[in-house]
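*Asks:* In terms of my numbering, the sequence shown opens at residue 67 and continues consecutively.
Just so you know, even glycine gets a beta-carbon here, dropped at the ideal spot from N, CA and C.
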Amino acid sequence: MIYRFLLILATLIFIFNLFVLPTFFDIESDDTGTFIGLMIIMVIINHLLKNNIKN
């Protein structure tokens, strides 16, 4: 359940960082939001790989 929440959070970070902020607030996207989103996705992938190895 927590990983589903993390996936939604990472998706929202990417959408806000790459689309909403540059379009509506005239703020350039920075690497911080992208890095945080990628780290969350890496945690999810790590969890999926561990579950796959157990099965």
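Would you tell me roughly how many angstroms separate the C-alpha atoms of residue 87 and residue 113, rounded to the nearest one?
*Replies:* Cα-Cα distance, rounded: 30 Å.
*Asks:* If contacts are defined as beta-carbon pairs under 8 Å, then residue 111 and residue 76 qualify, I think. What distance do you get, rounded to the angstrom?
*Replies:* The pair is not a contact, with the Cβ atoms about 11 Å apart (cut-off 8 Å).
*Asks:* Rounded to a whole number of angstroms, what is the C-alpha to C-alpha distance between residue 98 and residue 91?
*Replies:* Spanning the two alpha carbons is a distance of roughly 17 Å.
*Asks:* Suppose you measure from the CA of residue 78 to the CA of residue 120; what does that come to, to the nearest Å?
*Replies:* Rounded to the nearest angstrom, the two C-alpha atoms are 30 Å apart.
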